[in-house]
Structure formats: structure tokens, C-alpha cells
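In the numbering used here, the protein residues as written are 190 to 1085.
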């Protein structure tokens, strides 16, 4: 028997069927070990020695693999066909050698780009050794990411409180988002006008033409700058006669693009399906690992982490046959199409993402997969087959028209494109190309028949005013495209990088656009000011190129690390001399539009409007940065930073305190303000001032004197309860509006009820709460109903999928294992459920766990015997004193 190690249990089950009884296929469940999230995992002083750690779940899996290998004839390492897959095979083999179970057994590495029977059997027939340069490139990348994260992040924590961490690729991606925001803030909009004429041919057909020349010269794009010029030219066109000067029709061919790479799949899925990068990769993973089709589990697409654009020769031939079958002979070009990658620093040559069988059409697959899988498979199939189809044939017609107003002439142009043969467009149209067209594009679709020298009738002249717009914020798709163009990161890292930026609250997503948050902009400004080199695009791309040369065996990986560490360590040491004032001065300058937004009255945005003499500046507090006055504590003005920058200070729209009037009882000023936790109303000044946050349903712009007075007066006395004679009060708390009477709380339906509820209604609400509590309707939570029954555990007891307070989970007895994000609860298999339970630590059946509870209860009985009681006390004392090994802090874990 031979042992085969793959990454996922789903893949293991499928491949075991292909290979038969002579093989045992086991899953590593991804990486089996990693660098511990603590200092000292990479030691530059010891020639970058790396200390690896195996987590408890992986230890159990490795024991299972080791036991199987010990009794086997040989080992096949069949992890994914990329750098990470090569690294997992290397880790597994290294651990097995340390366990001394390999001995003289043959060890081979096999890779397959698709999980089909043919691909797997072909790979098993052509094994190789582990690619050492590829592993070296992985080790260098992992060491670099660790050294940057675990040395740069503490600098941020010391010098920039509130910052989470920094990463080698993550920080550069964040800089791209922040740089675009800076462009938007600096952008100055310019006015321009477009003029067009609606004209009619002698045959009665109407079409539109745009003004392209006037006053004897050609108009540049957006060349009409003022309304006066626009109206003068409109008057010229209104009084003109129109004659067709020339009509030119040219045939145009449009060629298809290559099959998908990881980057282009993520971009197309975003534009066409609305998927983010993480969702795209999760769905693609399921399509790659296999779906049950007619009783057979088969992979539907090839490996989805690649920047190769070629398809295998047999796949090209299969695509050509499918084109004839699905579309007809005319859609098949004479020769197969060949593509080459244009991506900077393209990774190892892998095949593009394509269907494993082009005869398996989207309509045939749809009934076997869920909705997301069906949509993504259709996208991959259409793009793959379109890449080998004939070009689209079009006719582009350009009509030049002369407008003559008593000898004063102007030129107009009409452009139209007609598709004569759709070619590959019959299979696939990329929505991104349509989205990227600007309003200045001349192509207006089909034109009617128009002849040279014929007269045209004027129907209408239109002059439209426009303003230039700033560059758009990045979407996930456009950011990935930009990173790929610059050579930053790799296909396998894009989704993880974007997720890290969101998890650390450096960026947020709004209408599918990435908006840098104040925290993210502060981190970027700090790094640009004090670690300039390490967030430069060229430096990061050059480092990626060196990593690729390592994987090609052209560079020594430790020499690359030595060169990087020498300069990086010196930069880290220099920051120890930095004072907080140095940091704040640099940030004030770099983030001036964010920190000091322009004021409507034109006054100096750096002067405090509360005291009138203090200078505003960034301040660093426990929860991050905020704006404060230099006259503190005499002036206690503070303001949170804007989430979006620009003219507003924060999401509430408050850049300065807004005066609302005076409290009639105390004479203190009432003001509307914005703090780190949102807008609030304040009465008085200084530390003794009373404050009250605005309810979530209240908008700052709607707050007037009466509302502020009512809010600051909470809690409000409603009246004395007729039975207890104790006061009932209404207020706003952490869990919303409430009533309070004699220690008992009752929820109110709306915020408005707090200010309007009368005594009779309050007594009724409290009575209803008391009756619910008496009937047992407290806060108890029952066991959620099962979403899916999976079957019985080998040790007894049923396994189910349920939906809990914190999301769906697998349940077996007392073991609850949370499902990974993005995994559909209805798609969970018994094999996956077993893996989750084992990872959670579930070995014994529920019945076997009961004696533990009984033993715990018997401790009380030991009190009856002095000897037993004394022994029990000693045991408890020893347990308390036993040292507890702390887990590595998650906050230090770095991204890419």
C-alpha cells in the first residue's frame, strides 16, 4: 500500500476513488506547521534560523499520516501545484523524517492541475522530487513577512497607538488606497461643455453628431471651457446648414482575451457577479475540489491560483471541438490561439483557469451545484471557450459633417459601429470594458444609411455642461488589477491581503468601493514618513522579482534575506530615537486635508474655534489618534478624525461644536459635538460637563434646542407607581430605550417612547414584563433546531448542523465546531463535519464524557471523610499553582 497526502479531505475522498485499494489518501488540512506568533521565530543573528510550531489539530493529523506511512510501501506528496503546495509537502516530509517513519521508503512529489481521473493518474505515473528552489522561495517569503510584521508592528504600537499592525504587502496595498484618496482630496474640478446636433437624413432617419472643430481649428477633448463659448457656438450651429463631407466605413476585428488567471477571475466575478475576492476564491475552491455529478465526484475547473494564461494542448483541442458543437463551424478560427502573460513578475508557469471538460456545459452542471457555483462555473466556461473562438467582425463608420453659417464654419462628427459577425462575443462579453467607457466616447452604436455630399436637416442643438471628476476610489477588482500591474503580491495573496485590511479596520467597503479609514491613513502616513523605502511600489515589486529568481534557482534565498535585513534593521533602530512630537509634526503635514479640513468661513482651520487662540494638532490617545487643542486643559476641545477625509470632520458632519442654546435651569451652554464614539450633546464645559450620546436613529443635522434639552435631561421621571409609590423613570441605555422601577427594567419599543410615555402605559409595560418573568420567559436560550442531519458518529450519537448565536456550527454531543466563514451549512458533508469535530478536540462519544461530570460532583462527598477532604484540598491547590502556558497573542499575527 502507498500513502498519498493531499490538502483537503474532500480532495482525499475523490482521489482515493480514482487510485483504488492499493492507495490510502490522507488530508493534511492545509499547512501542518507555521512560525509561532512570537518573537524569536526567525533569528537573523543565526543566519535566519526558523523555528516551526505544529498546532494541536495538525499534530493529530500528522500522527495519523505517520502511522499510515510507517506501514506503507511508499509516500506520494500530492499537495497543490504552487509555492504553498510545495511548502506543505516539504513540511510534511520534514516532520515524517523527524518521526523516523520514512526509512528507505521511496518519496515522490506529484502535481495535477485538475481533479479528474485522467489528470490524477497521469500525475501518479510521472512523479518528481520536491522542488527545492521553490521551497527556498517560500521560506524567504515567509521569513520576510515575519521580519517585517514582527519588527514594524511594535514600532507602530509604540509611536502610533491604535494602529494594529503592518505587513510587507498589506502596507503597500493600503498605500495605494490612501494615495488615491489623496488624489481625490487634491482634485480641482474644471468646467467643460459638449455640443451636439440632432440631424435628419433626406430619408427621414435621425442621428446625433458632436462638435469637433470651430473657429478654424480642431477642438481638444473638453476644449469648450465656459458657458459663454458654449452659447456662442450653439448660436452658430442653430443658424447653420448641414452637409455631409465624407463617409468612411472600415472593417474592425476584435479578438478575445485569454482564459482566466486568479486576478482576472476575481475582477470579472466582481464586475459580472458582484462577488468579492474572498467569496470568489471560496466558490472556485469548491469547483476545483469536486462536485458529485451523477454519482461521481469530479473537479469542474482547473487549479484556481495561477497567473498563467495558456491552456494545455488537449484542452485547446477539446475547446475547439466544443465550439463547433455549441456554436457552429464559422465560430472556429483556422488555428488555435496562443497567449502569453503580461503580468509583471509572473509566477511559475501554470495552466490558466478553465473547465476540466468543455463538453460539460453550464446548463448541464447547474442542477448539481449551488447558485454561486453555477454562476462562477458559467463565467469560467464562457471565458475559456471564448478564448479559442473566432474574432468578432465589426464595421466602424465615421461621418464628417460641415455646418455653415454664412461662411462661418464648424465641423461635426458621428461615429457608429455595427457588429457584422459576433464571433467570441456570442459566448462571452466582459462587463468591465463597458464600465470603463467614458462619457466622451464617440461610439454611439448603429448609424442610419448616410451618403457623402447630401444635405441634412437640423432637428435640435444641445449644449450640455459638465465638470471633470476625480479618479474613482478603488474597488477590490481595480485594486487587484493595479497590484498585478505593479508586481505587488501574488495570486494566492490578493484575497487575504484585502481581507486583512478590512479586518484591521484600515479600510471599509461602501458601494463596492474601498474607503481608507483614519486609522489606515495614519499608518500609511507614518510609514511614508519614517519607512519610505518599504512602502515604495518599485521596492516591493523588485523584492517579488528576487523571490521569483529564488524559485528559479538563480538567487540564494539567505543572501536576499541578509541584504534586506541589514537596511531594514537599521531603519527600525533609528525609530527608537523618534519622539512623539516628531511623529505628530510629520502626520499633521502629511494628512493636512484630513486633520484640518477647510472651513466655510475661510478661517484658519488650524486655529481652535472654541477658545480662538489654541492650535489644533493630532493627539495620540489610548484608542488612537484624534484632534485636540494646544490649550488643554483650559480648552478641552477634541474632534475625531474623518473616516473619509475631505471637508467633513467625521461621519456626523461635525467639524466643530455647534451651539444650541442654554439650559434654562443651570444657564450652562448646550452644544452638539462629535467624539471618538460618535455625536453627542453636552451641557457645560470641562470634566464635570454632562454628556449624552445621540440615539442611533437620530441624525446630528436634526438636533435642535428642544431635542438636546430633552436628551441631556435623561433619565426622565415618569411618575410614582400606584402600588409601590416608587418612581418610574425612562432612559436610554446600552440595550436601547427602557423603563426602570424598583430595580426592574422593561424595554420600550422606540426612542420617542422615552420622552412621551405616560404613567398608565408605563405601569402596563412593567406589569407585562413581570408576567413574562413569572411565566419563565426570561433570557434562557434553547438548543437551536437542526438545519441538517448528517448521520451517526462512529462512537455513537448523531452529528447535525445547527445555526447558533454566532453562526452555523457542527454539533456532536457536547462538541460544537463553528463552520468556516463562507461555507454553506447545507453543503456540509459528513467527512467535513468529522474533520471539524476532530479539530475541535472531539474524540470520545458523549456517553463516555459523563463520568467526568459525576466525578466532579463526588468532590462534595469527600467532606464526609477528613482524609478524603484533605487529599482533595491538596489536589485543588496543586492545580491552582500549576503554570499555565499562555497562547501567543493574536494581535501580533501579521498579514502579507
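Don't be surprised by glycine CBs; every beta carbon is placed ideally from N, CA and C.
Own chain, CB closer than 6 Å to residue i, minus 5 neighbours either side, in chain order
i	result
residue 263	191, 294, 295
residue 951	907, 917, 928
residue 454	542
residue 479	203, 304, 486, 487, 488
residue 493	473, 477, 542
residue 378	656, 657
residue 693	353
residue 1086	Because the chain here runs from 190 to 1085, residue 1086 falls outside it and cannot be looked at.
residue 593	429, 430
Same chain, Cβ closer than 7 Å to residue i, neighbours up to 5 away in sequence not counted
i	result
residue 1059	Any answer about residue 1059 is weak, because its pLDDT of 44 lies below 50 and its placement is not dependable; what the coordinates show is given next. For residue 1059, where only same-chain residues beyond five positions count, there are no Cβ hits under 7 Å.
residue 387	395, 397, 648, 649
residue 744	735, 738
residue 930	910, 915, 917, 955
residue 332	231, 237, 239, 750
residue 275	319, 320, 323, 324, 327
residue 611	581
residue 435	589, 641
residue 747	236, 237
Residue i versus residue j - alpha carbon distance
i	j	result
residue 807	residue 779	12 Å
residue 505	residue 710	47 Å
residue 476	residue 485	14 Å
residue 414	residue 704	32 Å
residue 616	residue 557	22 Å
residue 270	residue 521	32 Å
residue 1025	residue 990	11 Å
residue 177	residue 282	With the chain represented from 190 up to 1085, any question about residue 177 goes unanswered, as that position is not in the structure.
residue 207	residue 500	23 Å
residue 462	residue 568	9 Å
residue 1111	residue 902	The structure shown does not extend to residue 1111, since the chain is modelled only from 190 through 1085, so no value can be given for it.
residue 481	residue 212	21 Å
residue 800	residue 682	50 Å
residue 513	residue 503	16 Å
residue 884	residue 851	21 Å
residue 229	residue 760	19 Å
residue 733	residue 511	39 Å
residue 289	residue 253	14 Å
Helix, strand or coil at residue i according to DSSP, with G and I counted as helix
i	result
residue 887	coil
residue 733	helix
residue 854	coil
residue 1001	strand
residue 1012	coil
residue 339	helix
residue 494	coil
residue 906	strand
residue 595	coil
residue 962	helix
residue 541	coil
residue 238	strand
residue 785	coil
residue 327	helix
Close beta carbons around residue i, own chain, < 8 Å, minus the five adjacent residues each side
i	result
residue 855	872, 873
Neighbour-count burial assignment, residue i, 16 or more Cβ in a 10 Å radius
i	result
residue 299	buried
residue 1021	buried
residue 755	exposed
residue 210	exposed
residue 547	buried
residue 561	buried
residue 1018	exposed
residue 524	exposed
residue 339	buried
residue 1002	buried
residue 913	exposed
residue 399	buried
residue 701	exposed
residue 464	buried
Complete alpha helix (DSSP H) runs within the region 453-489 (minimum length 4 residues, chain order):
The qualifying runs are 466-478.
If you scan the region 248-318 from start to end, which runs of the alpha helix (DSSP H) of 4 or more residues do you find wholly inside it?
272-287, 306-314
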